[in-house]
Ligand SMILES: NC(=O)c1ccc[n+]([C@@H]2O[C@H](COP(=O)([O-])OP(=O)(O)OC[C@H]3O[C@@H](n4cnc5c(N)ncnc54)[C@H](OP(=O)(O)O)[C@@H]3O)[C@@H](O)[C@H]2O)c1
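In our numbering, the protein residues as written are 0 to 280.
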């Protein structure tokens with residue numbers, strides 16, 4: 000991978016006090032970027048940052064960020080602008096899932112959608128004006144899931160026409176994604192896959208818009224599935240540690256666009272292995 004970055008480049012990772020987000024933050028900092036670790040809980044975030052700084056010698060800053068709270072997002076944006084003048088890489092990792100056991104509810108479903116989809120979308124909208132122009136382009140990486148594939152079974156979208164509209168960039172709109180999410184939110188046990196389907200669809204939509212900007216102003220937007228990972232979200236089940244799961248996110252944050260981006264692949268899910276895929280390259 001061609002090294003275009005230095006410690007002047009700033010990467011922000013949401014929900015990075017633990018799990019996959021922490022590993023993405025650690026690995027980006029190990030590559031030499033300045034990383035802003037964020038967490039909704041200040042104590043949890045500061046404890047993690049202290050350990051990364053003092054035990055591993057990494058250049059990591061901290062700021063509180065709750066992706067479901069518009070005032071928290073706004074305050075974070077002001078702080079990033081004031082402290083660094085902007086950012087180069089945004090990793091939308093924060094997520095929740097209550098589809099474990101049999102205790103799901105509409106309230107849980109609403110939290111899942113507002114965190115995984117609306118939180119990601121609101122962060123993207125708030126950070127776009129703060130992303131610094133550069134010849135290699137800024138990056139947004141969304142941590143998604145293979146459970147969110149439009150043609151996957153887990154979302155139980157029976158309407159073939161709707162699936163086709165969602166997967167076709169010509170018919171895809173933000174309004175269609177929002178309507179799909181609000182229509183299917185109370186479908187038992189599909190809230191997580193619907194939220195990630197929405198993340199993938201929004202990734203395609205915004206990727207197209209930001210990629211067609213003029214040279215120097217481009218922002219490359221991708222989403223990926225980390226696989227089935229041993230974190231709190233899975234009750235530490237899974238078949239890989241967060242250290243391994245983080246590497247696709249790090250790769251998408253750093254790879255040069257001309258090495259990966261082709262127009263055709265914009266509309267496809269490109270599988271890397273049976274467990275992991277990159278939705279947009
Ligand atoms: N683990 C897997 O097998 C798997 C598979 C596919 C995709 N993913 C995705 O990977 C991402 C990371 O998950 P993980 O497995 O690392 O789970 P995790 O250990 O539970 O970490 C989730 C992180 O998101 C944070 N978070 C939750 N709600 C938030 C909010 N409103 N604002 C800011 N941060 C918030 C959590 O903060 P708190 O500590 O405060 O709760 C935590 O730091 C998620 O998007 C998940 O959907 C995971």
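For every residue, glycine included, the Cβ atom is placed at its ideal position computed from N, Cα and C. Note that the structure is a prediction, hence the values are computed from the model and not measured.
| Item | Value |
| --- | --- |
| Which of the three DSSP states, helix, strand or coil, is assigned to residue 188? | coil |
| Can you tell me whether residue 222 is helix, strand or coil according to DSSP? | strand |
| Under 8 angstroms between the Cβ atoms of residue 248 and residue 72? | no |
| Taking Cβ to Cβ, would you say residue 282 is nearer than 8 angstroms to residue 219? | No answer is possible for residue 282: it lies beyond the span of the chain, which begins at 0 and ends at 280. |
| Decide if the stretch 88-105 is in contact with the stretch 114-132; the criterion is three or more beta carbon pairs, one per stretch, under 8 angstroms apart. | yes |
| Rounded to whole angstroms, what's the CA-CA distance from residue 67 to residue 114? Just pull it up for me. | 6 angstroms |
| DSSP three-state call for residue 61: helix, strand or coil? | strand |
| Does the distance from the CB of residue 108 to the CB of residue 184 come in under 8 angstroms? | yes |
| Classify residue 154: buried if its beta carbon has 16 or more other beta carbons within 10 angstroms, exposed otherwise. | buried |
| For residue 92, which residues of its own chain have a beta-carbon under 7 angstroms away from its beta-carbon, when the five flanking residues on both sides are left out? | 12, 13, 14, 15, 19, 20, 23, 142 |
| So, for residue 235: in the same chain, excluding its five sequence neighbours on each side, which residues have a beta-carbon less than 6 angstroms away from its beta-carbon? | 229 |
| At the level of alpha carbons, what is the spacing between residue 214 and residue 49? | 38 angstroms |
| Leaving out five residues before and five after residue 121 in sequence, what residues of the same chain have Cβ atoms less than 8 angstroms from its Cβ? | 66, 69, 72 |
| To the nearest angstrom, report how far apart residue 281 and residue 176 are at their CA atoms. | The requested residue 281 is not part of the displayed model; the chain covers only 0 to 280. |
| From the DSSP output, which residues share a beta bridge with residue 137? | 218 |
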